[in-house]
Amino acid sequence: MGAGRSGGPGPVGTETGDYPDARDLDRCRAHSPRPLLVARESFAIGGVRIRAGSVRALELPITRLVTGADVTLPVRVVHGREDGPSVWIDAAIHGDEVAGVEVVRQVMAGLDPKTFCGTLVAVPVVNVLGFMTGDRYLPDRRDLNRSFPGSARGSLASRIAHLFMREIVAGCEVGIDLHTGSDRRSNLPQIRADLDDPGTRDLAAAFGAPVMLHAKIRDGSLRHAAREQGAKVLLYEAGEPLRFDAYAVDAGVIGVRRVLAALGMTEPVDEPSVEPSLECRASGWVRARRTGILHLDVALGQKVSDGERLGTLFDSFGKTLRAVYANRDGIVIGRTEAPLVNSGDAVVHIAN
Numbered sequence: 188m189g190a191g192r193s194g195g196p197g198p199v200g201t202e203t204g205d206y207p208d209a210r211d212l213d214r215c216r217a218h219s220p221r222p223l224l225v226a227r228e229s230f231a232i233g234g235v236r237i238r239a240g241s242v243r244a245l246e247l248p249i250t251r252l253v254t255g256a257d258v259t260l261p262v263r264v265v266h267g268r269e270d271g272p273s274v275w276i277d278a279a280i281h282g283d284e285v286a287g288v289e290v291v292r293q294v295m296a297g298l299d300p301k302t303f304c305g306t307l308v309a310v311p312v313v314n315v316l317g318f319m320t321g322d323r324y325l326p327d328r329r330d331l332n333r334s335f336p337g338s339a340r341g342s343l344a345s346r347i348a349h350l351f352m353r354e355i356v357a358g359c360e361v362g363i364d365l366h367t368g369s370d371r372r373s374n375l376p377q378i379r380a381d382l383d384d385p386g387t388r389d390l391a392a393a394f395g396a397p398v399m400l401h402a403k404i405r406d407g408s409l410r411h412a413a414r415e416q417g418a419k420v421l422l423y424e425a426g427e428p429l430r431f432d433a434y435a436v437d438a439g440v441i442g443v444r445r446v447l448a449a450l451g452m453t454e455p456v457d458e459p460s461v462e463p464s465l466e467c468r469a470s471g472w473v474r475a476r477r478t479g480i481l482h483l484d485v486a487l488g489q490k491v492s493d494g495e496r497l498g499t500l501f502d503s504f505g506k507t508l509r510a511v512y513a514n515r516d517g518i519v520i521g522r523t524e525a526p527l528v529n530s531g532d533a534v535v536h537i538a539n
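Add 187 to the 1-based position in the sequence shown for the numbering used here, that's all there is to it.
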């Protein structure tokens, strides 16, 4: 897709770059049937147009604080000199999931619009209000990732979702949605996607995370709403909330770069080849059967067998209350990091 849709109040931003010349286009020849010296069409977003071979930062208005200060959605667009796919990457739909923000920063820092094919739209912080306070939810306690596709006159969450769908998703064919574990949980780097769709599965495999999980789509999620509009979406899960876990950030950065390369937007990634992702078709949580202090003996990425001991619950004096056992064969893709658990709490996530 060569251009997005315009709409909404005009954003503010800056632009760099110029029109293409033939010397810089050798790498993109295979991806473009058009004559080399014909300038690529500009990309429209938020009422502005971004010329080929340039980068532009802009802000899409969301609302105002009670102080009168504007709250805006930060966007940065790399519009390459030559044709290629239009892709978005986003993070912090949940305001406490900060690792994806660092993934976006590092990915964008390594891109040159003069040698880039296609268009990348980056939104490092979607839930701006939650991000400012380190809160997963919006001020009215709504979950933004249960509010898509949204509406222009609904709740604040619904309006943000509507803005994102109109300005970001509508202009793109592929999306990468970056997440971490929820409160006091850590996740193994993994891609969750519709693995029954061949194109989506190919992109999930290209990402190269340790695990790719065929995950059901939740109503109201960005992945659901975007798929309804025809986009292919990868959901990346890794690390803990409110942490820049190095293993989660590093795997996310290299994974996004691999996807861009697989789409023909950049040169192949100069990294050692990885083992194929372990494909999993289902998963489930092991839950505590007593209240107590938890000591887990399993790590993320560890393979376990049904009935294997995963940890132990103790009381405050060290008396053993109950062991925790695996309920299936599989690989540990998530675990609680909270030492204090109540009966029924989810403690280990196993994919099989």
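Beta carbons are placed, not taken as given, at the ideal position from N, Cα and C, and that holds for glycine.
CB contact flag (residue i, residue j, <9 Å)
i    : j    : result
V315 : V258 : yes
E354 : L247 : yes
G521 : V290 : no
H536 : R372 : yes
H409 : I280 : Note on identity: in this sequence residue 409 is Leu, with His being the wrong assignment. Yes; because the gap between Cβ atoms is below 9 Å, this pair is in contact.
F335 : A412 : yes
V285 : A278 : yes
R468 : G395 : no
G305 : D270 : yes
A244 : R227 : no
H349 : G341 : yes
G317 : P326 : yes
D437 : A475 : no
Separation of residue j from residue i, as counted between CA atoms
i    : j    : result
S530 : V253 : 42 Å
R292 : P397 : 22 Å
A486 : T523 : 11 Å
D322 : G282 : 5 Å
Q489 : R263 : 38 Å
R388 : D516 : 23 Å
A538 : L400 : 8 Å
M319 : R328 : 14 Å
F351 : A418 : 14 Å
S273 : E360 : 6 Å
G505 : D370 : 26 Å
Y512 : G471 : 13 Å
G407 : V534 : 26 Å
A449 : G442 : 10 Å
R216 : P463 : Caution applies to R216, whose pLDDT of 42 falls short of 50 and renders its modelled position unreliable; the value that the coordinates give is listed next. Cα to Cα, R216 sits roughly 30 Å from P463.
Y206 : V265 : With a pLDDT of only 33 at Y206, under the threshold of 50, the placement of this residue in the model should not be trusted, and no figure is reported.
P222 : N332 : The predicted position of P222 is uncertain, since its pLDDT is 45 and thus under 50; a value taken from the coordinates is nonetheless stated next. Each residue's alpha carbon lies about 42 Å from the other.
P455 : I237 : 26 Å
I480 : R251 : 44 Å
H366 : D484 : 25 Å
P526 : I404 : 31 Å
V491 : A435 : 22 Å
S241 : F230 : 10 Å
G195 : L343 : In this prediction, G195 has a pLDDT of 39, which is less than 50 and means its spatial position is unreliable; what the coordinates show is noted afterwards. So the two alpha carbons sit approximately 16 Å from each other.
S503 : G386 : 52 Å
G498 : D384 : 37 Å
V235 : A256 : 23 Å
Residues sharing a beta bridge with residue i, DSSP
i    : result
M399 : I378 and E466
I237 : F230
P248 : T259
L481 : L500
E284 : According to DSSP, E284 bridges with nothing at all.
V274 : L307 and V361
E269 : C304
A538 : S470 and I518
Of the residues the options, the one placed nearest residue i, counting alpha carbons only
i    : options                   : result
V308 : S342, L260 and L331       : L260
R496 : T306, N514 and I480       : N514
G287 : G479, N374, I232 and G494 : N374
T302 : L500, A279, D493 and M452 : M452
D364 : V511, V534, G233 and W275 : W275
R379 : P455, V420, P463 and G240 : V420
G362 : G368, D381 and D484       : D381
Q416 : E427, F431 and V356       : V356
V313 : R346, S338 and D299       : R346
L298 : L325, Y324 and R268       : R268
V473 : A392, V519 and E424       : V519
Q377 : D384, D484, D532 and G368 : G368
I249 : V235, A339, L390 and I237 : A339
L390 : Y423, K403, I404 and R405 : Y423
D457 : E466, L465 and L447       : L447
S460 : A392, G426 and G494       : A392
R546 : D383, G255, I232 and A510 : In the structure displayed, the chain extends from 188 to 539; residue 546 sits before or after that span and is not available.
What ranges does the beta strand (DSSP E) occupy inside the segment 483-536, keeping only unbroken runs of at least 3 residues that lie completely in it?
496-501, 507-512 and 517-523
Scan the segment 408-473 and note each continuous beta strand (DSSP E) run of 3 residues or more that stays entirely inside, going in chain order.
419-426 and 465-467
Please list the segments of the alpha helix (DSSP H) lying wholly inside the segment 298-380, counting only runs of 4 or more residues, in order along the chain.
315-320 and 343-354
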